[in-house]
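See structure below.
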Amino acid sequence: MIAHSTSEFSEAYIALGANLGDREQTLLEALSLLDEHPHISVLRCSALYETEPVGYVDQPAFLNMAVAVKAMLTPEQLLTELLDIENRLGRVRDIRWGPRTVDLDLLWMHGETRDTELLQLPHPRMGERAFVLVPLSDIVPKGEESGLYTFVHSSLSVLDGKDGIQLWKTCNWPIESGHSGS
Numbered sequence: 019m020i021a022h023s024t025s026e027f028s029e030a031y032i033a034l035g036a037n038l039g040d041r042e043q044t045l046l047e048a049l050s051l052l053d054e055h056p057h058i059s060v061l062r063c064s065a066l067y068e069t070e071p072v073g074y075v076d077q078p079a080f081l082n083m084a085v086a087v088k089a090m091l092t093p094e095q096l097l098t099e100l101l102d103i104e105n106r107l108g109r110v111r112d113i114r115w116g117p118r119t120v121d122l123d124l125l126w127m128h129g130e131t132r133d134t135e136l137l138q139l140p141h142p143r144m145g146e147r148a149f150v151l152v153p154l155s156d157i158v159p160k161g162e163e164s165g166l167y168t169f170v171h172s173s174l175s176v177l178d179g180k181d182g183i184q185l186w187k188t189c190n191w192p193i194e195s196g197h198s199g200s
């Protein structure tokens, strides 16, 4: 557990994906683990979408979604927590863009920019990936002051590959969550 955090909550957006095991259950478990963290609270979640694999295509279809969280952590601390949740849910990194029980990507955090070996913010490829942009479009508020809403919708309007994404089911948050993120 990380001992140091920021003194203010920041809104962050996270992409979630899974294509091994019980995909839906794993994504919901990842949401619960995020929300149970004392410095993270899930605010909104997109619908779940079934998507064709990208990159390494010889693998099962993915379920993808996006969530908005508020976190009293730095971007690096939040990324560390995301990697810990992946490990706890059985993520193994064998093949780049290969099959996985779960994948959690920090896409954007309160307009922060990072370009380090550990973390790039905003996520460098989110504007090229319909499986990220479609779920994000569900949850980014219109008029969001950093321009994320405009970025998501303008990127979607020119992006190919949206036909490989099918609505799986809606996600109602909180899902029996007792954590309110105070």
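So in this note's numbering, the last spot in the sequence shown is 200, and the numbers never skip.
Think of the CB as a built atom: it goes at the ideal place given N, C-alpha and C, for glycine as much as any other residue.
CA-to-CA distance, residue j to residue i, given in whole angstroms
i: Asn105; j: Cys189; result: 23 Å
i: Leu97; j: Leu46; result: 18 Å
i: Glu146; j: Ser173; result: 7 Å
i: Gly108; j: Leu101; result: 11 Å
i: His128; j: His171; result: 18 Å
i: Ser59; j: Tyr74; result: 33 Å
i: Ala79; j: Pro71; result: 6 Å
i: Lys88; j: Arg41; result: 24 Å
i: Leu10; j: Asp76; result: A question about residue 10 goes unanswered here, because the residues of the chain that appear run from 19 up to 200.
i: His55; j: Glu99; result: 9 Å
i: His57; j: Gln95; result: 10 Å
Reduced DSSP secondary structure (H/G/I, E/B, other) of residue i
i: Tyr167; result: helix
i: Thr92; result: coil
i: Ser173; result: helix
i: Ser50; result: helix
i: Asn105; result: helix
i: Leu151; result: helix
i: Lys180; result: helix
i: Leu125; result: strand
i: Leu139; result: strand
Rounded Cβ spacing between residue i and residue j (contact assumed at less than 8 Å)
i: Val150; j: Leu166; result: Not confirmed; about 12 Å, so no contact.
i: Leu122; j: Leu49; result: Actually they are not in contact, since the Cβ atoms of Leu122 and Leu49 sit about 10 Å apart, beyond 8 Å.
i: Met90; j: Glu26; result: 7 Å
i: Leu38; j: Arg118; result: 6 Å
Own chain residues within Cβ distance below 6 Å of residue i, not counting five before or after
i: Glu130; result: Pro93, Leu139
i: Ser64; result: Met83, Ala84, Pro153, Asp156, Ile157
i: Met144; result: Leu125, Val150
Contacting residues, own chain, Cβ-Cβ under 8 Å from residue i (five flanking each side not counted)
i: Tyr67; result: Leu81, Asn82, Met83, Phe149, Val152, Pro153, Ile183, Gln184, Leu185, Trp186
i: Lys160; result: Tyr167
Residues of its chain near residue i, where Cβ-Cβ distance is below 7 Å and the 5 sequence neighbours each way are ignored
i: Thr69; result: Ala79, Phe80, Asn82, Phe149, Gly182, Ile183
Completely contained alpha helix (DSSP H) runs for the segment 30-80, where each covers 4 or more residues: For the segment 30-80, whole alpha helix (DSSP H) runs of length 4 or above, ordered along the chain, are 41-54.
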